[in-house]
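Comments concern the structure below.
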Amino acid sequence: MSQPSPKPQQIPVVVLAGFLGSGKTTLLNHLLHRSGGSRIGALVNDFGAIEIDAMAVAGALGDSTVSLGNGCLCCAVDASELDQYLERLAEPALGIDVIVIEASGLAEPQELVRMLLASEHPGVVYGGLVEVVDAAEFDATRARHPEIDRHLALADLVVVNKLDRAADGERVRGLVRTLVDRAAVVPATYGRIDPEFLFDCRPSEERIGQLSFDDLHEHGGDDDGHAGHLHAAYDSLSFVSAVPLDPRRLMTFLDSRPEGLYRIKGYVDFGPYDVRNRYAVHAVGRFLRFYPEPWPAGGERRTQLVFIGSGIDAAALEKELEASRSDSPHADEHGMWGVLRYVRDPEELDVDPAGEPGADPAQEQGADPA
Numbered sequence: 007m008s009q010p011s012p013k014p015q016q017i018p019v020v021v022l023a024g025f026l027g028s029g030k031t032t033l034l035n036h037l038l039h040r041s042g043g044s045r046i047g048a049l050v051n052d053f054g055a056i057e058i059d060a061m062a063v064a065g066a067l068g069d070s071t072v073s074l075g076n077g078c079l080c081c082a083v084d085a086s087e088l089d090q091y092l093e094r095l096a097e098p099a100l101g102i103d104v105i106v107i108e109a110s111g112l113a114e115p116q117e118l119v120r121m122l123l124a125s126e127h128p129g130v131v132y133g134g135l136v137e138v139v140d141a142a143e144f145d146a147t148r149a150r151h152p153e154i155d156r157h158l159a160l161a162d163l164v165v166v167n168k169l170d171r172a173a174d175g176e177r178v179r180g181l182v183r184t185l186v187d188r189a190a191v192v193p194a195t196y197g198r199i200d201p202e203f204l205f206d207c208r209p210s211e212e213r214i215g216q217l218s219f220d221d222l223h224e225h226g227g228d229d230d231g232h233a234g235h236l237h238a239a240y241d242s243l244s245f246v247s248a249v250p251l252d253p254r255r256l257m258t259f260l261d262s263r264p265e266g267l268y269r270i271k272g273y274v275d276f277g278p279y280d281v282r283n284r285y286a287v288h289a290v291g292r293f294l295r296f297y298p299e300p301w302p303a304g305g306e307r308r309t310q311l312v313f314i315g316s317g318i319d320a321a322a323l324e325k326e327l328e329a330s331r332s333d334s335p336h337a338d339e340h341g342m343w344g345v346l347r348y349v350r351d352p353e354e355l356d357v358d359p360a361g362e363p364g365a366d367p368a369q370e371q372g373a374d375p376a
């Protein structure tokens, strides 16, 4: 049988949600300013003006796309047109690196997440639900909109914004942590979070494989006095192994990954379980997917993974990963079943050297954060 072709690079689609006044547009504006050369496509569900280097993105709802000089796109979009706009922004010629959907302040983020997970477009992949809360108005917002508790429980990342205006910011952060389900909770003022938390800040042609978190802690000076050290709230771990990983042990680790671990990406070598392919892994929050692709000719075979989150115990994570190593020359007949549950198109896989069948297509979506 022929080897599967490498999967095309998929564009992460991040849903940015939060009630009116929480700071979503300010956060999106910040991401556009600090994209690090990445090209951002922004779908604005509740159309408004976003200031970008003294340029205002404005226009009638009929103007579907505005191309900006700094390499960003901004579209006015209704949720029912989501697939149409994703199709447009995922066009390879545009060179988009990440798509951010700013939901309406009164939108149900769960519906947008469901639409993204149900999308069959091969060029995009779910990039997480980011919920923004106003620390100064959090108690009042919960009183007016009790559904915020449900929204927070769905989130993959919660940004506790406007901490500079909150009299008891630590209490609010603690309260938010009790309302989330394993999501990373990060503090912010003026909507300033590190873009590396959401996407790689490099143009695609300059990336080396998938591992481009190397400048996470190498930001230059801030453009004003408010940003501070953006990376201070985040932790990262790089794991490299020349010894293959045991798929069952790795899945045990991934299925129980700790609170605050927001992103996982890189490549896994499963050794005798599939001698032809390495497995690219993409995880955000509770969403997980693997992509088998042929090993590059002549390249060194090894596992390379990057983990990023808030409040994670890097030493404990590394210890668990070390325990996933296995130098056994033999493969368990059913060992890959746990991995193949998270392969998007299992029916396209060849039978691996261990005689492994494909996964049930009904399970291919992986963990549904909604």
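Just so we're aligned: the sequence shown equals residues 7 to 376 in the numbering used here. For every residue, glycine included, the Cβ atom is placed at its ideal position computed from N, Cα and C.
- Boundaries of the alpha helix (DSSP H) around His157: Ile154 to Leu160.
- Taken through DSSP and simplified to helix, strand or coil, Phe25 comes out as coil.
- Assigned with DSSP and collapsed to three states, Asp170 falls in helix.
- Lys271 is bridged by DSSP to His288 and Val312.
- Pairwise C-beta distances place the segment 299-314 in contact with the segment 244-257, as three or more of them are shorter than 8 Å.
- The three-state reading of DSSP puts Phe276 in coil, since its state is none of H, G, I, E or B.
- Assignment of Asp206 by DSSP, reduced to helix, strand and coil, places it in the coil class.
- For a cut-off of 8 Å, the C-beta gap from Val164 to Ala189 is around 5 Å, short enough to register as a contact.
- Straight-line spacing of the CA atoms in Val131 and Tyr348 works out to 13 Å.
- C-alpha of Thr32 to C-alpha of Thr195: approximately 10 Å in a straight line.
- Nearest C-alpha to Gly43 among Val21, Val104 and His151: Val104.
- At a Cβ-Cβ threshold of 8 Å, Ala159 and Leu185 count as neighbours.
- Under DSSP, Ile17 shares a beta bridge with Val130.
- For Asp241, the uninterrupted beta strand (DSSP E) segment begins and ends at Asp241 to Ser247.
- Rounded to whole angstroms, the Cβ separation of Tyr285 and Asp162 is 22 Å, and the two are not in contact under 8 Å.
- The DSSP-derived three-state label of Pro115 is helix.
- In this structure, Ala172 is the residue among Ala172, His157 and Glu126 with its C-alpha nearest to the C-alpha of Phe144.
- If you look at Pro300, you'll find it in the beta strand (DSSP E) that goes Phe293 to Pro300.
- Cβ atoms of Val192 and Ser316 come within 8 Å of each other, at about 5 Å.
- Straight through space, the alpha carbons of Pro98 and Val290 are spaced by roughly 23 Å.
- When the beta-carbon positions are compared, Leu34 and Tyr91 stay at least 8 Å from each other.
- Between the C-alpha atoms of Arg179 and Val166 there is a straight-line separation of about 7 Å.
- Under the three-state reduction of DSSP, Val191 is assigned to strand.
- Within its own chain, the residues whose Cβ lies closer than 7 Å to the Cβ of Val106, once the five positions on either side in sequence are excluded, are Val20, Leu22, Leu34, Leu37, Ile46 and Ala48, listed in chain order.
- The distance from the Cβ of Gly197 to that of Gly24 is about 10 Å, inconsistent with a contact at the 8 Å cut-off.
- Taking 8 Å as the upper bound for CB-CB distance, Phe276 and Pro253 are in contact here, some 5 Å apart.
- Here Glu137 is bridged, per DSSP, to Ala23 and Val164.
- Taking C-beta atoms under 8 Å as the contact rule, Val287 and Gly304 fail to qualify, at a distance of about 23 Å.
- Cβ-Cβ separation between Leu118 and Ala109: approximately 6 Å, consistent with a contact (criterion under 8 Å).
- Under the DSSP definition of a beta bridge, Asn283 partners with Pro300.
- Ser330 places its beta carbon less than 8 Å from that of Leu256.
- In the structure shown, Arg120 adopts helical secondary structure according to DSSP, grouped into three states.
- Less than 8 Å separates the beta-carbon of Leu204 from that of Gly133.
- When only Cα atoms are considered, Pro302 and Leu346 end up about 21 Å apart.
- Boundaries of the alpha helix (DSSP H) harbouring Arg183: Gly175 to Leu185, taken from the DSSP string.
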